[in-house]
Structure formats: structure tokens, C-alpha cells
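Student:
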Amino acid sequence: MNFKGQHLLSVKDINLDLISELFNVADSMRIYATRQKVSRVLEGAVLGNMFFEPSTRTRVSFGCAFNLLGGEVRETTGLSNSALAKGESLYDTAQVLSGYSDIIAMRHPDPGSVAEFATGSRVPVINGGDGANEHPTQALLDLFTIHKELASQGKNIQDLSLTLLGDLKHGRTVHSLCQLLALYRNLKIQLISPEALSMPAHYVDLLTDAGHQVEVGNCLQQGLPTANVIYQTRIQEERFSTQEEANNYRGYFRLNKRIYSEHCQPGAVIMHPLPRDSRNDANELDNDLNTEPGLAIFRQTDNGVLVRMALFACILGVENQLKQYERDVNWFTGLNNRSE
Amino acid sequence: MNFKGQHLLSVKDINLDLISELFNVADSMRIYATRQKVSRVLEGAVLGNMFFEPSTRTRVSFGCAFNLLGGEVRETTGLSNSALAKGESLYDTAQVLSGYSDIIAMRHPDPGSVAEFATGSRVPVINGGDGANEHPTQALLDLFTIHKELASQGKNIQDLSLTLLGDLKHGRTVHSLCQLLALYRNLKIQLISPEALSMPAHYVDLLTDAGHQVEVGNCLQQGLPTANVIYQTRIQEERFSTQEEANNYRGYFRLNKRIYSEHCQPGAVIMHPLPRDSRNDANELDNDLNTEPGLAIFRQTDNGVLVRMALFACILGVENQLKQYERDVNWFTGLNNRSE
Amino acid sequence: MNFKGQHLLSVKDINLDLISELFNVADSMRIYATRQKVSRVLEGAVLGNMFFEPSTRTRVSFGCAFNLLGGEVRETTGLSNSALAKGESLYDTAQVLSGYSDIIAMRHPDPGSVAEFATGSRVPVINGGDGANEHPTQALLDLFTIHKELASQGKNIQDLSLTLLGDLKHGRTVHSLCQLLALYRNLKIQLISPEALSMPAHYVDLLTDAGHQVEVGNCLQQGLPTANVIYQTRIQEERFSTQEEANNYRGYFRLNKRIYSEHCQPGAVIMHPLPRDSRNDANELDNDLNTEPGLAIFRQTDNGVLVRMALFACILGVENQLKQYERDVNWFTGLNNRSE
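Protein chains in written order, with this note's numbering: chain A, 775 to 1114; chain B, 775 to 1114; chain C, 775 to 1114.
Next up, the structure:
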């Protein structure tokens, strides 16, 4: 089993063999993403970058990844203008758009919509996020980041002690990540959230059944000392059932330099799905962590390009032809401080 | 007379020689559109894909067609954000934008706007739809589809028995198609619509004067048995003068598998300008026709790419250089079930 | 000092050496912009064309300029959809987006925003306009146009007699142009506006201190006879403090063929930042000037492509490699009437 010619609709489609294949290819993409070399392996191919829900970051990441392989990108950036708004079925839209493209990345606000779209598509479809349901490329880039961050410390995935922190009830990204982590065995996983926003039992069971050492708690300090990777997500106050409970936790799950220094292991890795809310009243990662070497949030988004390049290459079956279409970079690259 | 260096503003600019030239080139585009080969003949050229009215399907079709010839696409996707909204004349906009592009495809909500724009453009302009007025590339792809569908049955255009079905009063696409059909002689054409939505006399006269055998009626079954091509358009209930009349026709012009099997010739071709409204209360082509081999609606949109590629190539004078810039396709193409 | 690897955030970053370097390179871009040749020097590079404020003209000009060097463009076209609207800091946005691109052009409604963004960017950033603050590429293309228009009359910059005309109080473009002009010595500059919309004293002092011969006035005819270049900007009536004053000037600053013939030197150059409002009640350049050879407004926007190509080439350090990546143009170019 491999990615060639397949859709990527759900993390449920992923197994350890696919992860291994994908991450190896992602590693080989680094020289192109950091502009040490150019590869034109997909010159002449067209990506349909169909974002029926607005997004800058993910949309541009997909498009850039395809450009870096030499391909062209046609895109759309909203629902209201589209034929979908005139009652066209996702099946019809897919039939039409797949006549224009070699591969399609699609985001849509409705859960299940991308899978429905895929039934009408004559080319492979990658789910770029379907509402509250799935965002598999985010889960893959998160897992890839965990691998690379551990490796940079001379560790591997079996050394992982991961703390998921924040709103674990609603976060699509942490749910998808848990599904991927369930493919492994005997990891240490701490699930730290306000009680009202705790991880759904289904996912706790999934991790426990996989043989992981799972700890559940509601105290920030509880999850920090044992973790070598901390994955922070946003807490929105309106998500609490009462204002009193919201008040109890106000500012409490905000990770900053003081808390990090006091409670975390030296060099502990900090991840976040981004965007982080940097307004004063937000419960997010503090900007005073920006100079902390453990802050991996921008390495994480850089990894998104690698993983998406790898997905395009594997699905279109060109992962072994990159060198053949390689060229030197002839322009100035100020990218030396990019994550390596 | 040929397309080289010309605007395409109206179907009135078209004659049989141009159609013959264009359709021959469109045929030669199929190997590129189906990714059997890549051609980079327009590498370095820029299309200004100026959609001052939102559109996904037509905009992406134009952009994809240009990419498939190796060119780049710059585009805009709405009116409100543009200088036009600040009182800039179409002449000025054209002067400016034509300084950026080698060719421009343009859609705009106002009838006549694209022709006005063309007076200020220093590069060829293709009308991508100017309100209720014209949409010449749609008419050309419709006519091309009729040619190809007949050919696949061993017939040619003189064997055509065409039924136009639905709202023939307001449909820009059927009006433009009639103007192209008026270039031919002695075809069988049935115009079937509710009386309130019948084809304007001008177009009926145009077809009659061209020597076609024209039949006008308001009964669905009337137009079906004799047709080898059926062109269905949408009926919107609000278009009737009274609700009573709307009620009379409710659901009546909906073509589905039962009606098709009962009344149509085996293999009769079904076309539609798309999008079709697939909501339950819509008077459109039923989804149960999706498996019918005669359903040509997605071959029709695929043909749109061929026709637009051919237009770009002929207008930019590269139609004889495609082979010279040809390369092998080195990636997986899941496009084997594309229309051939 | 040169452009290589630098941001371009403000005209304050510019000196005469940089102008000389840039304009020489811009001259060398003309054969590519007029499609006499193609250069693929940036094939494989990606421009992040980040317009967090809508714009067609400037956005497409940047994108086209990058395409004409062989590079790819990823872009965004509005603020509301973006992570910035979710409280993401400009620093974070820059960290993320600079991981996708080799260079970024950015427009944003807030003064100072692009400079703030640049602090987080790992690649060079070009300011494409930050609200009322700066629009340095417009100032550069204006100055380049002045140079070229004078040269076409056998003159050089020291022969300049420039009249800035219209709303000199609010016009971002004329303010930036004044800052560039302050790099020169002993030019003739007339500042003609209604009193309520006169040039801020700061800029008058800047020009005077640079040793220019500055004349200030409020009478249209006053500025015209001595000028060999006239730079007209828009006057919006709501900008006057009282309706009476607005009435005094209504239509008064509208330059048309009659006024031009009566008061201007033969061949006097007319510039405008565009778009010009061509509605009947607008105080703008009249359309009856369209056939006047001195009307340079479209040569001005054409020059924008040259200047932006030159900026990309100089910042990315490929300005000496253009020939090496040069190819013949194999398609029809109807661009013979482009400005040469």
C-alpha cells in the first residue's frame, strides 16, 4: 500500500508504513523548501487549490508546496461566489474541477464534504479541512514535527512524553493527532485541560487501548515537568458552560516564559497549531517565548510545506524523480535562518 | 481571416472557417488536456484572467487552459475591490491591464462592457461573459461538443436533430448557440419551452432564415423522440408571469431516467450549460441520469478546456508549434476515465 | 550599499546610488516587459503577493513583474479572511508566510504595518502600500517616468520643471515623490492646489532645503506654463473644510485639452497616479487628452512593471543573469504600440 493515486481524506487512511514513506520523502524535500536546490519535477501539472472556506495560511502552504515542485496552481477562495451556492452538488463540482487539474486540495466548511466531493473527482483529492471533522495534513505535519524535534535532541518517537494543553474538547487538530498517535505503542501522553474542555472519552480510550501511558488532569503545572513536547491549543472563554468557570481558568492556561522556565524541562518543545492570538486578553502562548529555542511553532509551519510537498510527490508518484529534475538556485536566498 | 491577434468578443465574429480552424486545433489539444503529453509552448506568456464578476468554473477553466500551454495566470475575482468601482473607465482599466498581459480573458456584469474594454486594450481580449449579452466561449464549446458527440456515433453535424429545452427566453447560452447554428443549413431544431419562456422571435427567425427545420412547442415529450442531442437549461419559477402558470409547469421540464428511457432515442446526447441545481425542488437534470452514457455534461466542460486552449493558441499564433515544445508526462495521471 | 537581500519599506531607504542602480536595471527589463525576449531567471522562485487590502492594479503589477522573470506567485487579496483577523500578530504572520516565499510584496491598511511585518520575515519584504503612510514603488515608478519622459525629449533630470497639481495635502504619492526629489538639487517645482489642500509645510521645507526652486500657488494657470512635467492628483470635494470653498474650486482643477493647449508647453508631460475618475462630475484628467502624445499615464503604469521587475531582480541578486536565462518569444505580441 502506498499513496500513489490515492485520496487523502482522513487520518484514518494512514498507517505506520505510509507515515514512514511520507516522512522520508518529506526529509528529501528540505533542500528544495530551503532553496538549496530547485526541482521542476511537476512542471506542467496543475493543482486545483479549492478553498471553499477562506484560509490564508493553509491555502498558501499547499500552493507554495506545489510551486516548489514546479507545478502550477489554480485556486478559489470562498463559498459564496461558487456554483455550490447555486445548488450544484459536490459530485458535479468535483466532476467539473477534476477535468481541470491533476490533483485537488480542498477545504470546505461542512464535515464530510471533502469525502463526498472525492466520489465525483477523477483525480486524487487531499482534504485541506472539512469543518469540525478532519484536517489530516495538519495532523501529519504535527507528527512530523514531533519526530524532527525529538531527533534534533538525539531522541526518537519512543522517547516522547507529550502534553496536550488547552481546549481538548473542541480542537480538531489534537483529535486528529491522537488518532495518529494511536498507531504507536507505549508513549507518555498527558491531557491537561479545564474540566469543562477535557478530551472526549473516545479519544482517551483510543490512546489507552493503544497501550500508551495516559494521564488526565486540569492543572497546568501537572503536565509540564514530565513533558519533552508540549502542544498548546487555544481556549476560548465562550466555550465554558458558565462564566464562573471561565473566570476560574482565566489566563490560567497561558504559557509564558516565567511558567516555562519554572515548570518545564530545559529545551522542552512548544508546539501550537497557529494562528496564536497575540491580543492581550487571549489565552495563548506569550510572545516572550519567541526567543526560546524550544519554541517550535514556526518550524512546525515550515514542516507543513515539507509534508505537503511529500504528499503531492507520493500521490503523483514522482518521489523518486526529484533529483532528475533538479537545478541550482541562482538567486539570493535569505533563508539561512530557516529551520534545518 | 483567422484568429491571430484578434479579440473574441461575440459569436457574431465567428464564421465557418474560424470554427473549422478552431475545432481542428481543439482536437490537437486533447493529448495535453488528458495529460498524455505536456506542451510548454506559451512558457513566459501571461494571461490576465480578469473576472470582474465572480465565477469559479469559467475562471478556472480559462486559467487551467493557459497553464496547460505553459503560460502564467494573473487574475482578479470581483468588481467591488477594483479601480472600476472608483470611477475608472473601462478604457483606462484596459490600458493598464494590457500593459501586464499577453492576452486577457474578461468577465463583467454589464452587457457591452467587454467590447468597450477591448477598445482600450493593447492585447487581444476574449469575452468570458458580459452579463445577459454574450458568452462566446460557452457557445463554441457547446457547438464543439455537439460535433464530437455526433462523431462518436458515426454522424456529422448535418445529421443533427437538436432539442433546446427549458427557459429559452432568458438563456444567454442557447441564444449564442442559435447564432452559431445559423451558420449551418438544413438542421432539425426543436425549441421546447413553457409558452411564457419561449425563444424570442428574433432567434426563431434567424434559424428559419438559415434554412433549418424549426419546430416550436411547449410539451416535453414533443421534443424528445426526434432528437439525437438534447440541450437542457434551467427553469426558474420566478420567471413565469403568474404563479398559476408556474404551477402548471412545476417539475414538468425535469429530465430524468424514466422520461429519458421512455421518450428519447437510445444514446441520445444530453447537454446542459451547468451548474445544474441538484436540490430537490429544482427543475433540472436528475442525478439518476449520471450513469447514462448519453449524459455529456462533463464531457462538455472538459471540452471547454480544449476550446479555450485552442483559442489561446490560435489568437497567440502558436497552434503549429505545440509539438515543438512537447514533453513527456512523468507523473501519475488518474485521468484515464476522462472523456476521450 | 545595494538592494541585495534588503527590504524596501520606505522611500527613506533610497539614495541616488540605489536609484541609479535600479533605473539601469529597469531599462534592461524593457525587452522582457515588451515581449521582445523572455527571461526565466527566477524559475523556481516564489513571490508571496500579500495584499491584506484589496487592489487590482498594484497587485497584478507585482505579480506580473515576477512572472516575467520566470517566478511563481502565491497571493492573498483581503484582510477579513486572514489569520490577522483572528488576533495573529504581524510578526507571526511574517514568520509563517516567509517560510513559503523567496520574497514578499505586502499591502496593508495600517500605517507602519509592513515595517512591523518585516521584523518577523525571514525573506525580503517590499512595501506595496501601508495605508496613508508609504507606497515606495509608486514613488520610484513616478521618478523613473520623469527620467524617461525627459530623456525622450533629449533632456535630463536637471532640466525638470515639475508642477504637482491637485490635492497635495492628502496625496501619499506626491509626498513620497517629494522625498525622492529631495535627493536632487536645484530643480524647479511648482506646488499648485486649493489653499485648503496645500502641500504640508514639512514637504515644502524638505524641497526648499534641498535647494530646489519651489513655488506655491492656488491657481491652475500659474503652474502650467513653466512646467515640462505636470503631475495631477485627484481632488475629492469632501476634503474641503466648507462646501463654499469646494464650490469655488469645482471643476477648476480639471485638466483638459483646451486648458492644456492654451496654457501648457507643447509636449508637456502629464502624469497621474491612477485610477483617474472618469465620471462626469469628477475633477480629473479629461478623456479628451487621451490622444495627446504628452499624456504619459499609461507609460507610467507600464513603467511600474519595469521598476518592480528591477526591484525583484536587484533584491534577489539576479540583475546580471538576465541574458543567461533569455529565450526567444515564439507567440504573437500585439504590443508594438506599447511604450518604448
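Yeah, the Cβ is synthetic: ideal placement off N, Cα and C, and Gly gets one too. In this text the structure is predicted, and so the values were computed from the model without any measurement.
So B:Gly873 and C:Asp1076 are supposed to be a Cβ contact under 8 angstroms. How far apart are they, rounded?
Tutor: Working through the second sequence from its first residue, we reach residue 873 of chain B at position 99. Working through the third sequence from its first residue, we reach residue 1076 of chain C at position 302. Between C:Asp1076 and B:Gly873 the Cβ distance is about 4 angstroms, and since that is below 8 angstroms, they are a contact.
Student: One question on the structure: do B:Lys962 and B:Gln987 come within less than 7 angstroms of each other, judged by their Cβ atoms?
Tutor: Position 188 of the second sequence, counted from the start, is the residue given in the question as residue 962 of chain B. Position 213 of the second sequence, counted from the start, is the residue given in the question as residue 987 of chain B. Result yes, Cβ atoms of B:Lys962 and B:Gln987 sit closer than 7 angstroms.
Student: Which residue comes first and which comes last in the alpha helix (DSSP H) that contains B:Gly997?
Tutor: Along the second sequence, read from residue 1 onward, the residue named residue 997 of chain B stands at position 223. Note, B:Gly997: alpha helix (DSSP H), 994-997.
Student: Would you decide whether C:Asp979 is buried or exposed? Buried here means 16 or more other CB atoms lie within 10 Å of its CB.
Tutor: Start at 1 with the first residue of the third sequence, and residue 979 of chain C comes out as number 205. Classification for C:Asp979: exposed.
Student: Using DSSP with H/G/I as helix, E/B as strand and the rest coil, what is A:Leu792?
Tutor: By one-based count along the first sequence, residue 792 of chain A stands at place 18. Correct three-state label for A:Leu792: helix.
Student: Taking B:Val990 as the reference, which of B:Arg1028, B:Tyr1034, B:Thr937, B:Glu1011 has the closest Cα?
Tutor: Counting from one through the second sequence, the residue named residue 990 of chain B turns up at place 216. Residue B:Thr937 is the option with its Cα nearest to B:Val990.
Student: Whole alpha helix (DSSP H) runs in the segment 998-1039 of chain C with 4 or more residues, listed along the chain?
Tutor: Entirely contained in the segment 998-1039 of chain C, the alpha helix (DSSP H) runs reaching 4 residues are, in chain order, 1017-1023, 1031-1037.
Student: Quick one: what's got a C-beta closer than 8 angstroms to C:Ala892's C-beta in the same chain, skipping five residues either side?
Tutor: In the third sequence, residue 892 of chain C corresponds to position 118, counting from 1. Same-chain partners within the cutoff: His781, Leu783, Ala868, Val899.
Student: With 7 angstroms as the C-beta to C-beta threshold (strictly closer), list the residues of the segment 887-909 of chain A near chain B in chain order.
Tutor: Answer set for the segment 887-909 of chain A: Arg896, Val897, Pro898.
Student: CA-CA distance, A:Asn1110 and C:Ile788?
Tutor: Translated into the one-based positions of the first sequence, residue 1110 of chain A becomes position 336. Translated into the one-based positions of the third sequence, residue 788 of chain C becomes position 14. Any reading at A:Asn1110 must be qualified, since the residue scores a pLDDT of 48, below 50, and its modelled position is unreliable; the value itself is stated next. Distance between the alpha carbons of A:Asn1110 and C:Ile788 is about 26 angstroms.
Student: Verify the CB distance criterion: does C:Pro1049 have a CB-CB separation below 7 angstroms to chain B?
Tutor: Along the third sequence, read from residue 1 onward, the residue named residue 1049 of chain C stands at position 275. Yes, contact with chain B.
Student: Quick check on A:Lys1097: buried or exposed, where buried means 16 or more other Cβ atoms within 10 Å of its Cβ?
Tutor: By one-based count along the first sequence, residue 1097 of chain A stands at place 323. Exposed, because fewer than 16 other Cβ atoms sit within 10 Å of the Cβ of A:Lys1097.
Student: Indicate whether at least one CB of chain C lies closer than 7 angstroms to the CB of A:Met837.
Tutor: Residue 837 of chain A sits at position 63 when you count from the first residue of the first sequence. Reading the sequence as shown, one finds Gly at residue 837 of chain A and not Met. Chain C contact via Cβ: present.
Student: So, helix, strand or coil for A:Arg881, using DSSP?
Tutor: Within the first sequence, residue 881 of chain A is the residue found at index 107, counting from 1. A:Arg881: strand per DSSP, three-state reduction.
Student: Need the endpoints of the beta strand (DSSP E) that C:Asp1102 sits in, please.
Tutor: Your numbering for residue 1102 of chain C matches position 328 in the third sequence. 1100-1102 is the extent of the beta strand (DSSP E) around C:Asp1102.
Student: Could you give the distance in angstroms between the alpha-carbon of B:Leu871 and the alpha-carbon of B:Ser895?
Tutor: Translated into the one-based positions of the second sequence, residue 871 of chain B becomes position 97. Translated into the one-based positions of the second sequence, residue 895 of chain B becomes position 121. The straight-line gap from Cα to Cα measures roughly 8 angstroms.
Student: Contact check, B:Leu1090 vs B:Leu816 under 8 angstroms by CB: the rounded distance?
Tutor: As a working note, residue 1090 of chain B is residue 316 in the second sequence. As a working note, residue 816 of chain B is residue 42 in the second sequence. Sure, about 7 angstroms apart at Cβ, within 8 angstroms.
Student: Helix, strand or coil: which one does DSSP assign to A:Asn1061?
Tutor: As a working note, residue 1061 of chain A is residue 287 in the first sequence. Correct three-state label for A:Asn1061: helix.
Student: Can you give the Cα-Cα distance for A:Leu994 and A:Ser967, rounded to whole angstroms?
Tutor: Looking up residue 994 of chain A in the first sequence gives position 220. Looking up residue 967 of chain A in the first sequence gives position 193. C-alpha separation (whole angstroms): 8 angstroms.
Student: In this structure, does DSSP put B:Ser926 in helix, strand or coil?
Tutor: Within the second sequence, the letter at position 152 stands for residue 926 of chain B. Three-state result, B:Ser926: helix.
Student: Please decide whether C:Gly779 counts as near chain B, where near means a Cβ-Cβ distance under 7 angstroms.
Tutor: Taking the first residue of the third sequence as 1, we reach residue 779 of chain C at position 5. No, C:Gly779 does not count as interfacial toward chain B.
Student: Which runs of the beta strand (DSSP E) spanning at least 3 residues fall entirely within the segment 837-912 of chain C, listed in chain order?
Tutor: With a minimum length of 3 residues, the continuous beta strand (DSSP E) runs that stay inside the segment 837-912 of chain C are 846-851, 877-882, 899-904.
Student: What residue range is occupied by the uninterrupted beta strand (DSSP E) comprising A:Ser813?
Tutor: Within the first sequence, numbered from 1, the residue matching residue 813 of chain A stands at position 39. First-last of the beta strand (DSSP E) with A:Ser813: 811-813.
Student: Where B:Arg1082 and B:Glu923 are concerned, what is the direct C-alpha to C-alpha distance, given to the nearest angstrom?
Tutor: Translated into positions along the second sequence, residue 1082 of chain B becomes position 308. Translated into positions along the second sequence, residue 923 of chain B becomes position 149. B:Arg1082 and B:Glu923: Cα-Cα distance of roughly 18 angstroms.
Student: Between B:Met1045, B:Lys811, B:Tyr1034, B:His909, which lies nearest to B:Ala1070 when the distance is taken from Cα to Cα?
Tutor: The residue given as residue 1070 of chain B occupies position 296 in the second sequence. Ranking B:Met1045, B:Lys811, B:Tyr1034, B:His909 by Cα distance to B:Ala1070 puts B:Met1045 first.
Student: Could you pull the DSSP bridge partners for B:Phe825 from this structure?
Tutor: The count along the second sequence starts at 1 and reaches residue 825 of chain B at position 51. In DSSP, B:Phe825 forms a bridge with B:Thr851, B:Arg881.
Student: Grab the span of the beta strand (DSSP E) containing A:Val1043 for me, first residue to last.
Tutor: As a first step, residue 1043 of chain A must be located in the first sequence, where it is residue number 269. 1043-1045 is the span of the beta strand (DSSP E), which, as asked, contains A:Val1043.
Student: Quick check: is the beta carbon of C:Val799 nearer than 7 angstroms to any beta carbon in chain A?
Tutor: Start at 1 with the first residue of the third sequence, and residue 799 of chain C comes out as number 25. No, its Cβ sits nowhere closer than 7 angstroms to a Cβ of chain A.
Student: Count the other CB atoms within 10 Å of the CB of C:Glu1114; is the residue buried (16 or more) or exposed (fewer)?
Tutor: Sequence index remark: in the third sequence, residue 1114 of chain C carries index 340 (1-based). Confidence in C:Glu1114 is poor, its pLDDT being 39 and thus under 50, which makes the residue's placement unreliable; the coordinate value appears in the next sentence. Classification of C:Glu1114: exposed, given that the 10 Å Cβ count is below 16.
Student: Is there at least one Cβ from chain C nearer than 7 angstroms to B:Val812's Cβ?
Tutor: Counting from 1 along the second sequence, the entry for residue 812 of chain B is found at position 38. Answer no: the Cβ-Cβ gap between B:Val812 and chain C never drops below 7 angstroms.
Student: To the nearest angstrom, how far is it from the Cα of B:Arg1112 to the Cα of B:Arg1073?
Tutor: Taking the second sequence and counting its residues from 1, the one referred to as residue 1112 of chain B is at position 338. Taking the second sequence and counting its residues from 1, the one referred to as residue 1073 of chain B is at position 299. Residue placement at B:Arg1112 is poorly supported in this model, since its pLDDT is 46, which falls under 50; the coordinates are not used for a value here.
Student: For A:Gly945 versus A:Thr851, is the C-beta distance shorter than 7 angstroms?
Tutor: Here residue 945 of chain A refers to the residue found at position 171 when the first sequence is read from its first residue. Here residue 851 of chain A refers to the residue found at position 77 when the first sequence is read from its first residue. Cβ atoms of A:Gly945 and A:Thr851: not closer than 7 angstroms.
Student: Just list the residues that DSSP pairs C:Gly991 with in beta bridges.
Tutor: Residue numbering aside, residue 991 of chain C sits at position 217 when the third sequence is read from its first letter. Note: C:Gly991 sits in a beta bridge opposite C:Ile966.
Student: At the 7 angstroms Cβ level, is B:Ser802 part of the contact set with chain A, yes or no?
Tutor: Within the second sequence, numbered from 1, the residue matching residue 802 of chain B stands at position 28. For B:Ser802, the answer is no, since every Cβ of chain A falls outside 7 angstroms of its Cβ.
Student: Between the C-alpha atoms of B:Cys1088 and B:Phe777, what's the straight-line distance to the nearest angstrom?
Tutor: In the second sequence, counting from the first residue as 1, residue 1088 of chain B sits at position 314. In the second sequence, counting from the first residue as 1, residue 777 of chain B sits at position 3. Using only the alpha carbons, I get a separation of about 6 angstroms.
Student: Would you report the Cα separation of B:Gln1017 and B:Tyr1023, rounded to the nearest angstrom?
Tutor: Here residue 1017 of chain B is taken as the residue at index 243 of the second sequence, counted from 1. Here residue 1023 of chain B is taken as the residue at index 249 of the second sequence, counted from 1. When rounded, the distance between both Cα atoms is 10 angstroms.
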